[in-house]
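J.: Here it is, the structure, as structure tokens.
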Amino acid sequence: MLVYTVRRVLSSIPILILASVLTFVLIDVSGDPLSDLRMQQPPPDPSVIQLAEERLYLDRSMPERYWLWMTGIGGHGDIGLLQGKFGPSTQSTTYDIGENLMMRLGTTLRLVGAAMVFAFGLAVIAGVVSAMRQYSKLDYSLTFIGFLALAMPVFWFAGIIQQAGVGFNELAGSMVFATIGDGQFQAQGLDFWGQIGNTFKYMTLPTIVLMLTSFASWSRYQRTSMLEVLNSDYVRLARAKGLPNRVVIRRHALRTALIPLTTVVAVGVAGVIDGAILTERVFQWRGLGEFFITAVEKNDSYALMAWLLLSGTMVIVANLIADLLYGVLDPRIRYE
Amino acid sequence: MSEMKVSAAPESTGAESVGGAERTQMQMILSRFLRHRAAMISLVVLVLIALTAFIGPLFWKWGHTIHLDIPPNQPPSADHPLGTTTAGHDVLGQLMRGAQQTLKVAFTVSIMGTVIGSLWGAAAGYYGGRVDAIMMRVVDVFMIVPLLVMVSAVAGNAQAGTTWYAVAFIIGFFSWAQIARVVRGVVLSLREQEFVEAARAAGASPGWIIVRHLLPNAAGPIIVAATLLIAVAILLEAGMSFLQFGIQPPDISLGQMINDARTAAATRPWLFYPPGVLLVVICLTINFIGDGLRDALDPRQTMVRR
Chain A
1 MLVYTVRRVL SSIPILILAS VLTFVLIDVS GDPLSDLRMQ QPPPDPSVIQ LAEERLYLDR
61 SMPERYWLWM TGIGGHGDIG LLQGKFGPST QSTTYDIGEN LMMRLGTTLR LVGAAMVFAF
121 GLAVIAGVVS AMRQYSKLDY SLTFIGFLAL AMPVFWFAGI IQQAGVGFNE LAGSMVFATI
181 GDGQFQAQGL DFWGQIGNTF KYMTLPTIVL MLTSFASWSR YQRTSMLEVL NSDYVRLARA
241 KGLPNRVVIR RHALRTALIP LTTVVAVGVA GVIDGAILTE RVFQWRGLGE FFITAVEKND
301 SYALMAWLLL SGTMVIVANL IADLLYGVLD PRIRYE
Chain B
1 MSEMKVSAAP ESTGAESVGG AERTQMQMIL SRFLRHRAAM ISLVVLVLIA LTAFIGPLFW
61 KWGHTIHLDI PPNQPPSADH PLGTTTAGHD VLGQLMRGAQ QTLKVAFTVS IMGTVIGSLW
121 GAAAGYYGGR VDAIMMRVVD VFMIVPLLVM VSAVAGNAQA GTTWYAVAFI IGFFSWAQIA
181 RVVRGVVLSL REQEFVEAAR AAGASPGWII VRHLLPNAAG PIIVAATLLI AVAILLEAGM
241 SFLQFGIQPP DISLGQMIND ARTAAATRPW LFYPPGVLLV VICLTINFIG DGLRDALDPR
301 QTMVRR
């Protein structure tokens, strides 16, 4: 198991490097970090532009810059991924990309984590229920909700939920759900129960929004794999030897039916990150989504690179966890 | 695409003639699809939407741009069935133009992603070994970067996302990985079959075998994946436009309309709901059509019903 884990981690390094080359080249080719400065009216002094170019290492060739970004050898001491520095930003000379990224990571991870946990739990329940009552009214309604959710643009759904939250607050006469902000500032100086109340207030609506798409597709998968298992011989045997239905479902069927879902969930992380950006935008969170949007708007190529590398790492880690879970869930799989 | 499907029929039925009945595989597929009620209704709805989006603007008196004769901020009326915006757009005109751009982007992406993905996947599956390993690592790379993030980064960075084809090109470049995986899986099993061996014995080049023998036989899964890619592309384009990195004003897209109306959902609902509902309906119909195609082309494997 340990050997397998180490080998998996090592084999994902080339993929990350390849991904970083691809994104670096594409971001480099597609935009000019200094376009805002160059377009300024009246035109800035050529020496100003030259200084900015030097600060952002734009006076070097692209391969040189990639090497510099990776190792930091020959830079001004603010660049070099292997030294834990993400490079200079176009936003200001004092803007530290790494520090900002880490500050917002917690906010977004909270949302992504909550949405994934709830989506997974509800998807398993919904999938199992519709598999056990195949072709019932409940099954058909869950199928329809699934199709509808898969066709729903996240940001539009977010807008509707936000409106619903506002309406609910008006009805209740107090602010039950916060519809704007991430609540980090409000959480300061609260006691334990206050923290929980605050979290509930700010996180409920965005979590509902973000979990919808994943819930829809995962519950479909869960239904299919559960149906397959329920019709298999060993479940029939378990029933034949007189086990109560609850035990058959929980101990025999569900455990096997969960296996395919782990892969689907791991692959789905990338989609959840996409959704988190849109959700954060609608609910005006100061998370990774806002960081990303600002970075794109300001042509901040090093900040974008840091962002993409972080999200790529998150997806790879999720895939690794899924692979290891496979071994736990499926006793037939042994990692040597 | 349709040519592929037609040429697939003789090859896959050639080995064993189907039950003596005088129906080609094509006819069987068609009749299975026609019997799929949700898919047929969806197809009709989608065609109607597409016709309205492409032909409607020719007949409707208002375009998608600001017009001085349009009173600002009007709720729906006889003159403007879906109301007007603050700046003086006719929402119906915008909606038709937006749907048109969305459909153009989505179909371009689907064709582009399918061509790249199926060629890439087929080559990887056919050659196998080290070539396969390297090609699939590249696919992995495209799979680990969140799609919306990547396309927004490139389009927003380029500040050239003004035109629909630039947006389509960028999305298409990033969304072929899934199809490549599907096609590789199919080709891996196809390449061991006799007809491939026969073609190789007859001296066919690998390129010829891939294009003329392997891809036509993988047409079923490819068509299904291409259909579902349309829905993915629509949601991606809408997300991009919502973040303002997609199609830029004065041109319009549905995502951009939702973004403009983001704060107006309660006060001016006629701005917020129509583009969203239209997006949902388009994606819903495409998903149902994809479902129907899957049932028709590959009766063994169905997602929804067993």
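Each protein sequence line maps, in turn, to chains A and B. So that you can map any letter, position 51 of the first sequence is 51 in UniProt numbering, and since no number is skipped, the others follow by simple counting. So that you can map any letter, position 228 of the second sequence is 228 in UniProt numbering, and since no number is skipped, the others follow by simple counting. We treat Cβ as the ideally placed atom computed from N, Cα and C, and that holds for glycine.
1) Considering just the uninterrupted stretch of the alpha helix (DSSP H) at I230(B), what are its terminal residues?
2) Taking Cβ-Cβ distances shorter than 8 Å, what residues in chain B pair up with residue 355(A)?
3) What are the residues in the segment 119 to 134 of chain A lying within 9 Å of chain B by C-beta distance?
4) On a CA-only basis, which of T24(B), M26(B), H36(B) is nearest T285(B)? Give me that one, please.
5) Count Cβ pairs between the segment 139 to 159 of chain B and the segment 96 to 113 of chain B that sit closer than 8 Å; are there 3 or more?
6) Which whole-angstrom value is the C-beta distance of L304(A) and A318(A), which I expect to be below 8 Å?
7) Span of the alpha helix (DSSP H) holding T93(A)?
8) Can you have a look at P244(A) and say buried or exposed, based on whether 16 or more other CB atoms are within 10 angstroms of its CB?
9) Just to make sure I have the definition right: I need the residues of chain A whose C-beta is within less than 8 Å of the C-beta of D140(B). Which are they?
10) How many angstroms separate the CA atom of V229(A) from the CA atom of H252(A)?
11) How big is the Cα-Cα spacing for F215(A) and E237(B)?
12) So, using beta-carbon positions, are P269(B) and L254(B) closer together than 8 Å?
13) Measuring straight from C-alpha to C-alpha, what distance separates T143(A) and F118(A)?
14) State the Cα-Cα distance for the pair W120(B) and V166(A), rounded to the nearest angstrom.
15) Mapping DSSP to helix, strand and coil, what is F157(A)?
16) List the residues of chain A that I289(B) touches, going by C-beta distances under 8 Å, in chain order.
17) Between which residues of its own chain and V124(A) is the CB-CB distance below 6 Å, once the five residues before and five after are set aside?
18) Given that a residue counts as buried once 16 or more other Cβ atoms are within 10 Å of its Cβ, and exposed if not, what is G77(A)?
19) Quick one: list the residues of chain B neighbouring D274(A), beta-carbon separation under 8 Å, in chain order.
20) State yes or no: is the beta carbon of I258(B) nearer than 8 Å to at least one beta carbon in chain A?
21) Could you name the residues of chain E that N73(B) contacts, counting a contact when the two beta carbons are closer than 8 Å?
22) On the DSSP letters alone, give me the boundaries of the alpha helix (DSSP H) that T267(B) sits inside.
23) What whole-angstrom Cβ distance do M136(B) and R184(B) have, given they're in contact under 8 Å?
24) Residues of chain B with CB closer than 8 Å to the CB of residue 373(A), please, in chain order.
25) Considering Cα atoms alone, identify which of I111(B), R181(B), I55(B), Y126(B) is closest to V196(B).
26) At 9 Å on the CB atoms, spell out the chain B contacts of E297(A), in chain order.
27) For K85(A), which residues does DSSP report across the bridge?
28) Less than 8 Å between the CB atoms is what I'm expecting for A153(B) and I196(A), so what's the real figure, rounded?
29) Does the CB of V280(B) have a neighbour CB from chain A at under 8 Å?
30) Along chain B, in chain order, which residues have C-beta atoms closer than 7 Å to that of Q163(A)?
31) So what's D182(A) in DSSP terms, helix, strand or just coil?
32) Taking F272(B) as the query, report the chain A residues whose CB atoms sit under 9 Å from its CB, ordered along the chain.
33) Roughly how many angstroms lie between the CA atoms of N231(A) and D298(B), to the nearest whole one?
34) DSSP state of T163(B), grouped into three classes?
35) Cutting at 7 Å between CB atoms, please list the residues of its own chain near L81(A), excluding the five before and the five after it.
36) What span of residues does the alpha helix (DSSP H) with L325(A) cover, start to end?
T.: In brief:
1) Taking the second sequence and counting its residues from 1, one reaches residue 230(B) at position 230. Where I230(B) is concerned, the enclosing alpha helix (DSSP H) stretches over 219 to 242.
2) There is no way to answer for residue 355(A), as the model of chain A reaches only from 1 to 336.
3) Against chain B - using a Cβ distance shorter than 9 Å - the residues of the segment 119 to 134 of chain A are Q134.
4) Here residue 285(B) refers to the residue found at position 285 when the second sequence is read from its first residue. Nearest option by C-alpha distance: H36(B).
5) Here the segment 139 to 159 of chain B does not lie against the segment 96 to 113 of chain B, with fewer than 3 beta-carbon pairs under 8 Å apart.
6) For the purposes of this step, residue 304(A) is taken as the residue at position 304 of the first sequence. For the purposes of this step, residue 318(A) is taken as the residue at position 318 of the first sequence. That belief does not hold up - the Cβ atoms of L304(A) and A318(A) are roughly 21 Å apart, past 8 Å.
7) The count along the first sequence starts at 1 and reaches residue 93(A) at position 93. For T93(A), no alpha helix (DSSP H) encloses it, and the DSSP letter there is neither H nor E.
8) Position 244 of the first sequence, counting from 1, holds the residue named residue 244(A). The C-beta of P244(A) has fewer than 16 other C-beta atoms within 10 Å across all chains shown, which makes the residue exposed.
9) By 1-based counting over the second sequence, the position of residue 140(B) is 140. Scanning chain A for C-beta atoms nearer than 8 Å to the C-beta of D140(B) yields I15, reported in chain order.
10) Indexing the first sequence from 1 puts residue 229(A) at position 229. Indexing the first sequence from 1 puts residue 252(A) at position 252. C-alpha separation (whole angstroms): 9 Å.
11) For the purposes of this step, residue 215(A) is taken as residue 215 along the first sequence, with counting starting at 1. For the purposes of this step, residue 237(B) is taken as residue 237 along the second sequence, with counting starting at 1. Between the alpha carbons of F215(A) and E237(B) lies a gap of roughly 22 Å.
12) As a first step, residue 269(B) is located in the second sequence; it is residue number 269 there, counting from the start. As a first step, residue 254(B) is located in the second sequence; it is residue number 254 there, counting from the start. Taking 8 Å as the Cβ cut-off, P269(B) and L254(B) do not qualify as a contacting pair.
13) Working through the first sequence from its first residue, we reach residue 143(A) at position 143. Working through the first sequence from its first residue, we reach residue 118(A) at position 118. Their backbone Cα atoms lie some 18 Å apart in a straight line.
14) Taking the first residue of the second sequence as position 1, residue 120(B) is located at position 120. Taking the first residue of the first sequence as position 1, residue 166(A) is located at position 166. When rounded, the distance between both Cα atoms is 49 Å.
15) Reading the first sequence from its first residue, position 157 is the one you call residue 157(A). F157(A) falls in the helix class under three-state DSSP.
16) As a first step, residue 289(B) is located in the second sequence; it is residue number 289 there, counting from the start. Listed along chain A, no residue sits closer than 8 Å to I289(B) by beta-carbon distance, the nearest being about 12 Å off.
17) For the purposes of this step, residue 124(A) is taken as residue 124 along the first sequence, with counting starting at 1. Q222.
18) Locating residue 77(A) in the first sequence gives position 77, where the first residue counts as 1. G77(A) comes out exposed.
19) Position 274 of the first sequence, counted from the start, is the residue given in the question as residue 274(A). P146, L147, L148, V149, G239, listed in chain order.
20) The residue given as residue 258(B) occupies position 258 in the second sequence. For I258(B), the nearest CB of chain A lies under 8 Å from its own CB, placing it at the interface with that chain.
21) Reference to chain E is not applicable here, since the protein chains of this structure are A and B.
22) To locate residue 267(B), count along the second sequence from 1; it is residue 267. If you look at T267(B), you'll find it isn't in any alpha helix (DSSP H); DSSP assigns it neither H nor E.
23) Here residue 136(B) corresponds to residue number 136 of the second sequence, with the count starting at 1. Here residue 184(B) corresponds to residue number 184 of the second sequence, with the count starting at 1. Yes, M136(B) and R184(B) are in contact; Cβ-Cβ is about 7 Å, under 8 Å.
24) Residue 373(A) lies beyond the range of chain A shown here (1 to 336); nothing can be said about it.
25) The count along the second sequence starts at 1 and reaches residue 196(B) at position 196. Nearest C-alpha to V196(B): Y126(B).
26) In the first sequence, counting from the first residue as 1, residue 297(A) sits at position 297. Listed along chain B are G156, Q244, F245, each with a C-beta nearer than 9 Å to that of E297(A).
27) As a first step, residue 85(A) must be located in the first sequence, where it is residue number 85. K85(A) is bridged to G80(A).
28) Against the second sequence, residue 153(B) aligns to sequence position 153. Against the first sequence, residue 196(A) aligns to sequence position 196. Rounded, the Cβ-Cβ distance is 36 Å, inconsistent with contact.
29) As a first step, residue 280(B) is located in the second sequence; it is residue number 280 there, counting from the start. Yes, V280(B) lies at the interface with chain A (some Cβ there is under 8 Å from its Cβ).
30) In the first sequence, residue 163(A) corresponds to position 163, counting from 1. The answer, in chain order, is A265, A266.
31) For this step, residue 182(A) is matched to residue 182 along the first sequence. Note: D182(A) maps to coil in three-state DSSP.
32) As a working mapping, residue 272(B) is identified with position 272 in the second sequence. Under the 9 Å cutoff, chain A gives W156, G159, I160, Q163.
33) For the purposes of this step, residue 231(A) is taken as residue 231 along the first sequence, with counting starting at 1. For the purposes of this step, residue 298(B) is taken as residue 298 along the second sequence, with counting starting at 1. If I take the Cα positions, the gap works out to 21 Å.
34) Numbered from its first residue, the second sequence carries residue 163(B) at position 163. DSSP places T163(B) outside both helix and strand once states are collapsed to three, so it counts as coil.
35) The count along the first sequence starts at 1 and reaches residue 81(A) at position 81. For L81(A), same chain residues with a beta-carbon under 7 Å away, outside a window of 5 residues either side, are W69, M70 in chain order.
36) Here residue 325(A) refers to the residue found at position 325 of the first sequence. Where L325(A) is concerned, the enclosing alpha helix (DSSP H) stretches over 301 to 329.
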